[in-house]
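Enquirer:
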Amino acid sequence: MSYGASPLGPGVSINAANGLISGTPTQAGVFNVTVSATNPGGTGMQVVQVTISPAGQSITFSAQSGSQPFGAAFPISPLASSTSGLTVTYSSLTPSVCSVAGTLVTPLAAGTCTLAADQGGNANYNAALQVTQNVDIDAVAPGAPTGVMGVAGVMQATLSFSPPSNTGGSPITQYAAMCSPSGSGNSATSPITVSGLTNGVQYSCTVMATNAANKPGPASSPAVLVTPTAALVAPNITSANATSFTVLSNGTFTVTATGNLPPSLSVTGFLPSGVTLTPATGGPSLWQCS
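Sequential numbering from 0 applies to the sequence shown in numbering that gives the first Met the number 0.
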């Protein structure tokens with residue numbers, strides 16, 4: 000008696016002497032196999048359906064090489080591998096912290112980045128179970144505030160600004176203003192008022208940001224210049240409201256006024272012929288008619 004079988008899948012054969020079908024299949028599928036048995040009396044045949052199921056597979060994904068700073072993309076290392084030899088794909092399970100493109104990870108915020116390794120299988124292999132690894136994304140110092148503007152007040156300066164585009168991966172929690180030769184102020188938002196300054200002194204002021212990771216950033220640049228001033232006071236003319244001159248005789252009359260800032264003086268209408276208004280010694284609040 001001899002036996003035969005066809006078509007058998009790759010890696011599978013029949014023992015012609017005893018009819019044993021065996022082997023290590025390399026291709027999954029359903030095969031309709033014609034089995035034959037032959038002796039001197041003739042040949043008998045039967046169709047046998049042989050099902051080769053897809054093989055299982057697993058992923059090896061080791062711990063990553065350490066924490067990474069916010070602001071710089073980094074490669075997945077070490078990479079994962081599958082027992083099938085098929086390519087492993089990667090994704091982020093924490094899209095608010097990191098994103099993945101191919102094998103490159105981009106930090107989006109400080110925190111724990113969870114990387115997933117997957118192999119979806121094919122005709123010969125079932126999908127592998129997902130394996131994950133975590134990478135800590137460390138916050139860094141934020142950038143400097145931008146668009147800083149200063150407005151001088153009475154013994155104070157008010158600084159307005161825009162937040163830095165780079166937060167260092169952690170929310171900004173405080174802004175600090177620093178003025179030289181002295182003076183400082185703090186606020187969670189813009190603007191910041193720096194008080195206790197001296198009127199008439201020019202100050203050079205900058206602003207810096209600190210994030211929730213307690214990482215202070217650099218000072219804004221360039222510094223803004225502000226000079227606090229006393230409160231504005233409307234002018235008040237303090238000189239007499241009448242005077243007299245003699246024809247062909249030299250005479251003078253001093254017009255005085257108070258106010259902050261010192262006022263400028265002018266005349267409306269017409270002065271008598273031969274009389275002019277000119278600045279007098281002593282500052283812009285003193286003028287003389289002569």
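Built from N, CA and C at the ideal position, the CB exists for glycine as well.
#1: What first and last residue would you give for the beta strand (DSSP E) that runs through ASN31?
#2: Which same chain residues end up closer than 6 Å to SER289 when comparing Cβ atoms and leaving out the 5 residues on each side of it in sequence?
#3: Which stretch, first to last residue, makes up the beta strand (DSSP E) that contains ALA115?
#4: Pull up the distance between the alpha-carbon of ASP135 and that of ASN121, whole angstroms please.
#5: Does the beta-carbon distance from THR113 to THR131 come in below 8 Å?
#6: Have a look at ASN213 and GLY184 and give me their C-alpha separation to the nearest angstrom.
#7: Have a look at PRO6 and PRO39 and give me their C-alpha separation to the nearest angstrom.
#8: For VAL49, which residues from the same chain have a beta carbon less than 6 Å from its beta carbon, with the 5 sequence-adjacent residues on both sides left out?
#9: Within 10 angstroms of its Cβ, does MET322 collect 16 or more other Cβ (buried), or is it exposed?
#10: Quick check: is the beta carbon of THR50 nearer than 8 Å to any beta carbon in chain B?
#11: Between PRO75 and VAL200, what straight-line distance do the alpha-carbon atoms span, to the nearest angstrom?
#12: Does DSSP classify ILE236 as helix, strand or coil?
#13: Going along the chain, which unbroken runs of the beta strand (DSSP E) with 3 or more residues stay wholly within the segment 59-122?
#14: Quick check: THR228 and ALA156, are their CB atoms within less than 8 Å of each other?
#15: Run through DSSP, which three-state label would ALA175 get?
#16: Note down, in chain order, each residue of its chain lying with its Cβ closer than 6 Å to the Cβ of LEU92, except the 5 sequence neighbours on either side.
#17: Reducing DSSP to helix, strand and coil, say where VAL200 ends up.
#18: THR166 and PRO141 - do their beta-carbons sit closer together than 8 Å?
#19: I'd like to check one pair, THR237 with THR267: are the Cβ atoms closer than 8 Å?
#20: Could you check if LEU196 is buried or exposed, using at least 16 other CB atoms within 10 Å of its CB as the buried criterion?
#21: I believe SER293 touches ALA108 by the beta-carbon criterion, under 8 Å. Please report the beta-carbon distance rounded to the nearest angstrom.
#22: Check whether the Cβ atoms of ALA79 and THR105 sit closer than 8 Å, and answer yes or no.
#23: Exposed or buried, what is ASN210 when buried is set at 16 or more other beta-carbons lying within 10 Å of its beta-carbon?
#24: So what's GLN48 in DSSP terms, helix, strand or just coil?
Expert: This is what the structure holds:
#1: In the sequence shown, residue 31 corresponds to position 32, counting from 1. Per DSSP, ASN31 is one residue of the beta strand (DSSP E) stretching across 28-38.
#2: For the purposes of this step, residue 289 is identified with residue 290 of the sequence shown, where counting begins at 1. Low local confidence applies: a pLDDT of 49 at SER289 is under 50, so the model's placement there is unreliable, with the coordinate-based value given in what follows. Hits under 6 Å: THR251.
#3: Position 116 of the sequence shown, counting from 1, holds the residue named residue 115. Start and end: 110-117.
#4: Position 136 of the sequence shown, counting from 1, holds the residue named residue 135. Position 122 of the sequence shown, counting from 1, holds the residue named residue 121. Near 33 Å, if we compare the C-alpha coordinates of ASN121 and ASP135.
#5: Here residue 113 refers to the residue found at position 114 when the sequence shown is read from its first residue. Here residue 131 refers to the residue found at position 132 when the sequence shown is read from its first residue. In this structure, THR113 lies near THR131, with their beta-carbon atoms less than 8 Å apart.
#6: Within the sequence shown, residue 213 is the residue found at index 214, counting from 1. Within the sequence shown, residue 184 is the residue found at index 185, counting from 1. Roughly 17 Å between the two C-alpha positions.
#7: For this step, residue 6 is matched to residue 7 along the sequence shown. For this step, residue 39 is matched to residue 40 along the sequence shown. Between PRO6 and PRO39, the C-alpha separation is close to 24 Å.
#8: The sequence position of residue 49 within the sequence shown is 50, counting from 1. Hits under 6 Å: PHE30 and VAL32.
#9: Only positions 0 to 289 of the chain appear in this structure, which leaves residue 322 out of reach.
#10: As a matter of chain content, chain B is missing from the structure shown, which is built from one protein chain.
#11: Counted from its first residue, the sequence shown places residue 75 at position 76. Counted from its first residue, the sequence shown places residue 200 at position 201. First, the residue type needs correcting, since residue 75 is Ile and not Pro in the sequence shown. Rounded to whole angstroms, ILE75 to VAL200 spans 56 Å at the Cα level.
#12: As a position in the sequence shown, residue 236 is number 237, starting the count at 1. Strand, per DSSP.
#13: Unbroken beta strand (DSSP E) runs of no fewer than 3 residues, entirely contained in the segment 59-122, are found at 88-91, 97-100, 103-106 and 110-117, following chain order.
#14: On the sequence shown, position 229 is the one that residue 228 refers to. On the sequence shown, position 157 is the one that residue 156 refers to. No, these two residues do not count as a Cβ contact at 8 Å.
#15: Here residue 175 refers to the residue found at position 176 of the sequence shown. Reduced to three states, the DSSP call for ALA175 is strand.
#16: On the sequence shown, position 93 is the one that residue 92 refers to. Excluding positions up to five away in sequence, the list reads THR113 and ALA115.
#17: Within the sequence shown, residue 200 is the residue found at index 201, counting from 1. Note: VAL200 maps to coil in three-state DSSP.
#18: The residue given as residue 141 occupies position 142 in the sequence shown. The residue given as residue 166 occupies position 167 in the sequence shown. Cβ distance < 8 Å, so PRO141 and THR166 count as in contact.
#19: Sequence index remark: in the sequence shown, residue 267 carries index 268 (1-based). Sequence index remark: in the sequence shown, residue 237 carries index 238 (1-based). For THR267 and THR237, no; Cβs fall outside 8 Å.
#20: Locating residue 196 in the sequence shown gives position 197, counting from the first residue. That one is buried.
#21: A question about residue 293 goes unanswered here, because the residues of the chain that appear run from 0 up to 289.
#22: Taking the first residue of the sequence shown as 1, we reach residue 79 at position 80. Taking the first residue of the sequence shown as 1, we reach residue 105 at position 106. In this structure, ALA79 keeps its C-beta atom at 8 Å or more from the C-beta atom of THR105.
#23: Mapped onto the sequence shown, residue 210 falls at position 211. Its Cβ being crowded by 16 or more others within 10 Å, ASN210 is buried.
#24: For this step, residue 48 is matched to residue 49 along the sequence shown. Of the three classes helix, strand and coil, the one that applies to GLN48 here is strand, per DSSP.
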